[in-house]
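Visitor: Residue numbers (the working numbering), protein chains in the order written: chain A, 156 to 268; chain B, 578 to 687.
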Amino acid sequence: ETGVTQTPRHLVMGMTNKKSLKCEQHLGHNAMYWYKQSAKKPLELMFVYSLEERVENNSVPSRFSPECPNSSHLFLHLHTLQPEDSALYLCASSQVGKATEAFFGQGTRLTVV
Amino acid sequence: GQSLEQPSEVTAVEGAIVQINCTYQTSGFYGLSWYQQHDGGAPTFLSYNALDGLEETGRFSSFLSRSDSYGYLLLQELQMKDSASYFCAVEDSSASKIIFGSGTRLSIRP
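1) Quick check on the DSSP output: what are the complete beta strand (DSSP E) runs of length 3 or more inside the region 203–253 of chain A, in order along the chain?
2) Which residue comes first and which comes last in the beta strand (DSSP E) that contains B/Q613?
3) Would you check if there are 3 or more beta carbon pairs closer than 8 Å linking the region 257–266 of chain A to the region 161–177 of chain A?
4) Given this structure, state the Cα-to-Cα distance separating B/I676 from B/F606, to the nearest angstrom.
5) Can you name the start and end residues of the beta strand (DSSP E) that B/A661 belongs to?
6) If we call anything under 8 Å between Cβ atoms a contact, is B/S646 one with B/Q583?
7) Output, in sequence order along the chain, the residues in the region 650–676 of chain B whose CB is closer than 9 Å to any CB in chain E.
8) By Cβ distance, which residues of its chain are closer than 6 Å to A/V215, with the 5 residues on each side in sequence left out?
9) Of all the CB atoms in chain B, is at least one closer than 8 Å to the CB of A/P197?
10) If you check the beta carbons only, do B/S638 and B/L631 fall under 8 Å apart?
11) So what does DSSP say about A/T162, is it helix, strand or coil?
12) With the cut-off set at 8 Å, would you say A/S241 and A/A186 are in Cβ contact?
13) Just to confirm, are B/G635 and B/Y663 a CB contact at a threshold of 8 Å?
14) Give the range of the beta strand (DSSP E) segment to which B/T634 is assigned.
15) Of the residues that make up the region 251–265 of chain A, which ones have a beta carbon closer than 7 Å to any beta carbon in chain B?
16) Which bits of chain A does B/Y521 rub up against, with CB to CB less than 7 Å?
17) Per DSSP, which one or two residues make a beta bridge with B/A734?
18) Compare the beta carbon distance of A/Q192 and A/L236 with 8 Å and say whether it is the shorter of the two.
19) Apply the 10 Å Cβ neighbour rule to B/D616 and answer buried if 16 or more other Cβ atoms are within range, or exposed otherwise.
20) Under a three-way DSSP split, which group does B/K658 fall into?
21) For a contact meaning CB atoms closer than 7 Å, what does B/G608 contact in chain A?
22) Within the same chain, show all residues whose beta-carbon is closer than 8 Å to that of A/T171, passing over the 5 residues directly before and after it, in chain order.
23) Can you give the Cα-Cα distance for A/L198 and A/L206, rounded to whole angstroms?
24) Please classify B/A593 as buried or exposed, where buried requires at least 16 neighbouring CB atoms within 10 angstroms.
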């Protein structure tokens, strides 16, 4: 069990659906991250929030929209996704400036049909 | 460009020692991290090296050579539960990017 909780664990959605992924951390961290993990590819950093402000968006398509209402919660809103967006989406948290010492959630396995 | 290279698969025997290497190419560098991920599980932070040398934490040790842009994770007294994927990661200070390697799948044989 980790201090970072993601829901749901599994999600199947159609290309016209709108869904949201949720992440909550109980570690007192002040930076949160969304990563995408596809089979046989490196972890890809999608978004970084530091002190509740978005500081990095690694050229992610606009069909992915993050939201960070406070330092403990992070959302990823999904809209009109493509089948190639099927992957494991991981949330992580850390102290600001310690991104490579992050704690990860269990991830949401997303399948787009 | 920026990249991290690590072997895709390593096989070792229970009780033995295994070393997983990672070479990196980045325009800036803060430090090298290692993560463990079991199938279906979350990546778990193992170690972080910012300075040259060896850091030891129980059965696991991590080494960094900044001049060679190289590091490794050393696992001793291997146990079956160590079967997992191991990722190295670098924070590129000049680009403010976190780059992960593709991961090394470690298989332990009895």
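Ideal Cβ placement from N, Cα and C applies to all residues, glycine included.
Guide: Taking the structure as given:
1) 208–212, 219–225, 228–234, 242–249
2) The residue labelled residue 613 of chain B in the question sits at position 36 within the second sequence. Its beta strand (DSSP E) spans residues 609–614.
3) yes
4) Against the second sequence, residue 676 of chain B aligns to sequence position 99. Against the second sequence, residue 606 of chain B aligns to sequence position 29. Distance between the alpha carbons of B/I676 and B/F606 is about 11 Å.
5) The count along the second sequence starts at 1 and reaches residue 661 of chain B at position 84. Per DSSP, B/A661 belongs to the beta strand (DSSP E) from 661–669.
6) Mapped onto the second sequence, residue 646 of chain B falls at position 69. Mapped onto the second sequence, residue 583 of chain B falls at position 6. Not a contact, by the Cβ cut-off of 8 Å.
7) Of the protein chains in the structure, A and B, none is chain E.
8) In the first sequence, counting from the first residue as 1, residue 215 of chain A sits at position 60. Around A/V215: M201.
9) In the first sequence, the residue the question calls residue 197 of chain A occupies position 42. So, interface residue.
10) As a position in the second sequence, residue 638 of chain B is number 61, starting the count at 1. As a position in the second sequence, residue 631 of chain B is number 54, starting the count at 1. Going by C-beta atoms, B/S638 is nearer than 8 Å to B/L631.
11) Taking the first residue of the first sequence as position 1, residue 162 of chain A is located at position 7. Reduced to three states, the DSSP call for A/T162 is strand.
12) Here residue 241 of chain A corresponds to residue number 86 of the first sequence, with the count starting at 1. Here residue 186 of chain A corresponds to residue number 31 of the first sequence, with the count starting at 1. No.
13) As a first step, residue 635 of chain B must be located in the second sequence, where it is residue number 58. As a first step, residue 663 of chain B must be located in the second sequence, where it is residue number 86. Not closer than 8 Å, so no.
14) As a working mapping, residue 634 of chain B is identified with position 57 in the second sequence. From DSSP, the beta strand (DSSP E) with B/T634 extends over 630–634.
15) A254, T255, E256, A257, F258, F259, G260, Q261, G262
16) No answer is possible for residue 521 of chain B: the residues shown for chain B start at 578 and end at 687.
17) In the structure as shown, chain B starts at 578 and stops at 687, and residue 734 of chain B therefore has no counterpart that could be examined.
18) On the first sequence, residue 192 of chain A is found 37 positions in, with the first residue counted as 1. On the first sequence, residue 236 of chain A is found 81 positions in, with the first residue counted as 1. Contact: no.
19) The residue given as residue 616 of chain B occupies position 39 in the second sequence. Counting Cβ neighbours within 10 Å, B/D616 comes out exposed, since fewer than 16 surround it.
20) Here residue 658 of chain B refers to the residue found at position 81 of the second sequence. Three-state result, B/K658: helix.
21) The count along the second sequence starts at 1 and reaches residue 608 of chain B at position 31. Going along chain A in sequence order, the residues near B/G608 (Cβ under 7 Å) are T255.
22) Counted from its first residue, the first sequence places residue 171 of chain A at position 16. T235, listed in sequence order.
23) By one-based count along the first sequence, residue 198 of chain A stands at place 43. By one-based count along the first sequence, residue 206 of chain A stands at place 51. So the alpha carbons of these two residues sit roughly 23 Å apart.
24) Taking the second sequence and counting its residues from 1, one reaches residue 593 of chain B at position 16. That one is exposed.
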